[in-house]
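Step one of this worksheet: look at the structure below.
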Amino acid sequence: MKHLLAVALLGVVLSGCHTMGEGDPAQPHPGLLPPGLRSAGLALHHLNIASGLYVRRAEADDGLVLPRQQALAGLGIRGDSLTWLGHSSVLLRLGGVTILTDPVLAGGFSLESPLPHRHAAPPLGLDDLPPIDIVVISHGDYDHLHTPSLKAIADRFPKARILLPDGLEKYGEEAGFAAVDHPLVGGTVVAGRARLTALEAVHGTRRNLLAKLDGDAYSWDIRVAGRSVLFVGDSAHDGAVFGEIGRSRGPYDLALVPIGAFEPSPLVADMHSTPEDAALILAELRAKLGIGIHWGTFALSPEPLRAPADRFLAASDGHRRARVLRIGETLALGR
Numbered sequence: 114m115k116h117l118l119a120v121a122l123l124g125v126v127l128s129g130c131h132t133m134g135e136g137d138p139a140q141p142h143p144g145l146l147p148p149g150l151r152s153a154g155l156a157l158h159h160l161n162i163a164s165g166l167y168v169r170r171a172e173a174d175d176g177l178v179l180p181r182q183q184a185l186a187g188l189g190i191r192g193d194s195l196t197w198l199g200h201s202s203v204l205l206r207l208g209g210v211t212i213l214t215d216p217v218l219a220g221g222f223s224l225e226s227p228l229p230h231r232h233a234a235p236p237l238g239l240d241d242l243p244p245i246d247i248v249v250i251s252h253g254d255y256d257h258l259h260t261p262s263l264k265a266i267a268d269r270f271p272k273a274r275i276l277l278p279d280g281l282e283k284y285g286e287e288a289g290f291a292a293v294d295h296p297l298v299g300g301t302v303v304a305g306r307a308r309l310t311a312l313e314a315v316h317g318t319r320r321n322l323l324a325k326l327d328g329d330a331y332s333w334d335i336r337v338a339g340r341s342v343l344f345v346g347d348s349a350h351d352g353a354v355f356g357e358i359g360r361s362r363g364p365y366d367l368a369l370v371p372i373g374a375f376e377p378s379p380l381v382a383d384m385h386s387t388p389e390d391a392a393l394i395l396a397e398l399r400a401k402l403g404i405g406i407h408w409g410t411f412a413l414s415p416e417p418l419r420a421p422a423d424r425f426l427a428a429s430d431g432h433r434r435a436r437v438l439r440i441g442e443t444l445a446l447g448r
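If you read the sequence shown in our numbering, its first letter stands for residue 114, the second for the next number, and so on.
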């Protein structure tokens with residue numbers, strides 16, 4: 114009953130956006146509710162997330178997650194590859210360097226890093242992964258910077274290096290990583306054969322239960338053995354930002370772009386991309402291949418579970434430029 118009431122109240126709040134034009138000066142971003150209504154709407158939205166109201170397990174059962182034995186077999190692929198572990202967690206194996214992005218792999222409840230409900234259990238865990246050389250964190254939201262996972266990685270792979278946005282370095286240090294890098298935007302870290310450069314993202318860290326902005330978010334330009342990758346862990350679309358990245362650093366061989374959690378748009382349009390926005394980002398980056406991430410894993414929003422994937426592929430000319438994977442699936446990267 115409380116869940117239904119929260120949904121009803123959220124609908125009332127969101128109905129306020131129909132009376133507000135895009136040019137309304139009270140709105141900081143086109144399509145957003147004015148600040149007062151937005152604060153109320155976000156509070157109800159977060160209640161729905163915390164209560165598990167957005168969980169879609171029946172839809173997840175329809176082929177979203179790769180069976181465990183197939184997922185394990187994929188990890189045996191030789192050569193450059195990527196494995197989608199769910200949400201923004203991606204295992205990149207490039208030129209003999211193994212990079213793990215925004216890992217959320219350790220189980221159990223954590224007051225320090227509370228997680229949203231999952232739509233389905235992942236087929237792979239930390240114990241299944243090869244040795245990790247580099248961990249890359251896009252920002253400090255709980256579903257991207259998961260301290261139990263970081264501590265488990267630092268313990269299992271003591272030689273691993275972690276890169277975080279400036280101001281979040283304490284989480285790498287407290288997790289036990291021997292090497293912690295936190296460059297400013299534009300800064301480059303050389304880690305063995307890899308070069309990683311911190312770039313802008315249209316997002317921020319909200320590592321608190323009130324979702325107040327308290328830190329930065331980055332995209333990461335990753336270069337290994339002649340291959341170029343842009344990891345965008347979470348971001349809204351801004352043509353000026355991604356157009357400049359594409360002009361100055363593109364074209365990219367691969368881009369990892371967020372496609373989910375875009376509803377309710379009057380509340381989150383300034384922090385999350387729609388699938389169509391993600392397709393625009395691929396075009397602006399001049400990416401040869403784009404993989405849709407940040408969808409299908411955590412119950413963060415009310416859109417149908419497959420909507421991000423279907424709309425992303427449709428907006429990106431099907432499978433020619435864009436791909437979506439099943440959770441646990443590995444994709445071999447050709448030259």
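Note that beta-carbon positions come from the ideal geometry of N, C-alpha and C, so glycine has one too.
Q) Nearest-angstrom Cα distance between residue 215 and residue 255? A) 10 Å
Output the residue ranges of the beta strand (DSSP E) runs that lie fully inside the segment 324-358 and measure 3 residues or longer, sorted by chain position. 331-337, 340-345
Legend entry - Beta-carbon contacts of residue 253 that lie in its chain and below 6 Å, excluding the five residues immediately before and after: 281, 318, 320, 328
message = Three or more C-beta pairs under 8 Å: does that hold for the segment 385-398 against the segment 345-357?
response = yes
**Asked** What are the start and end residues of the alpha helix (DSSP H) that includes residue 260?
**Response** 260-269
In the structure shown, what three-state DSSP assignment does residue 162 receive? helix
Return the CA-CA distance between residue 293 and residue 302, expressed in angstroms with no decimal places. 10 Å
* Asked: Under a Cβ-count criterion, where at least 16 other Cβ atoms within 10 Å of its own Cβ denotes burial, should residue 202 be classed as buried or exposed?
  -> buried
- Query: Hey, how far is the Cα of residue 194 from the Cα of residue 149?
  - Reply: 46 Å
Which same chain residues, not among the five before or five after residue 241, have their C-beta less than 7 Å away from its C-beta?
185, 188
DSSP beta-bridge partners for residue 313? 331
Worksheet item: Which of helix, strand or coil does DSSP assign to residue 251?
Response: coil
* Sequence-distant residues of its chain with Cβ nearer than 7 Å to residue 206 (five each side left out) -> 193, 194
Candidates 341, 380, 428: which alpha carbon is nearest residue 358's?
341
Where does residue 381 sit, in a helix, a strand or coil, going by DSSP? helix
Cα separation between residue 238 and residue 218?
6 Å
Under 8 Å: do the segment 226-233 and the segment 259-275 share three or more Cβ pairs, one atom per stretch? yes
Whole runs of the beta strand (DSSP E) within the segment 169-227, excluding any shorter than 3 residues | 194-199, 202-207, 210-214
- request: Pull up the CB-CB distance for residue 349 and residue 378, whole angstroms please, since I reckon it's below 8 Å.
  value: Not quite, the Cβ-Cβ distance comes to about 11 Å (not below 8 Å), so this is no contact.
- Query: Which whole-angstrom value is the C-beta distance of residue 422 and residue 408, which I expect to be below 8 Å?
  - Reply: 7 Å
query = Cβ of residue 445 less than 7 Å from any chain D Cβ?
reply = Although the question refers to chain D, the structure presented lacks it and comprises just one protein chain.
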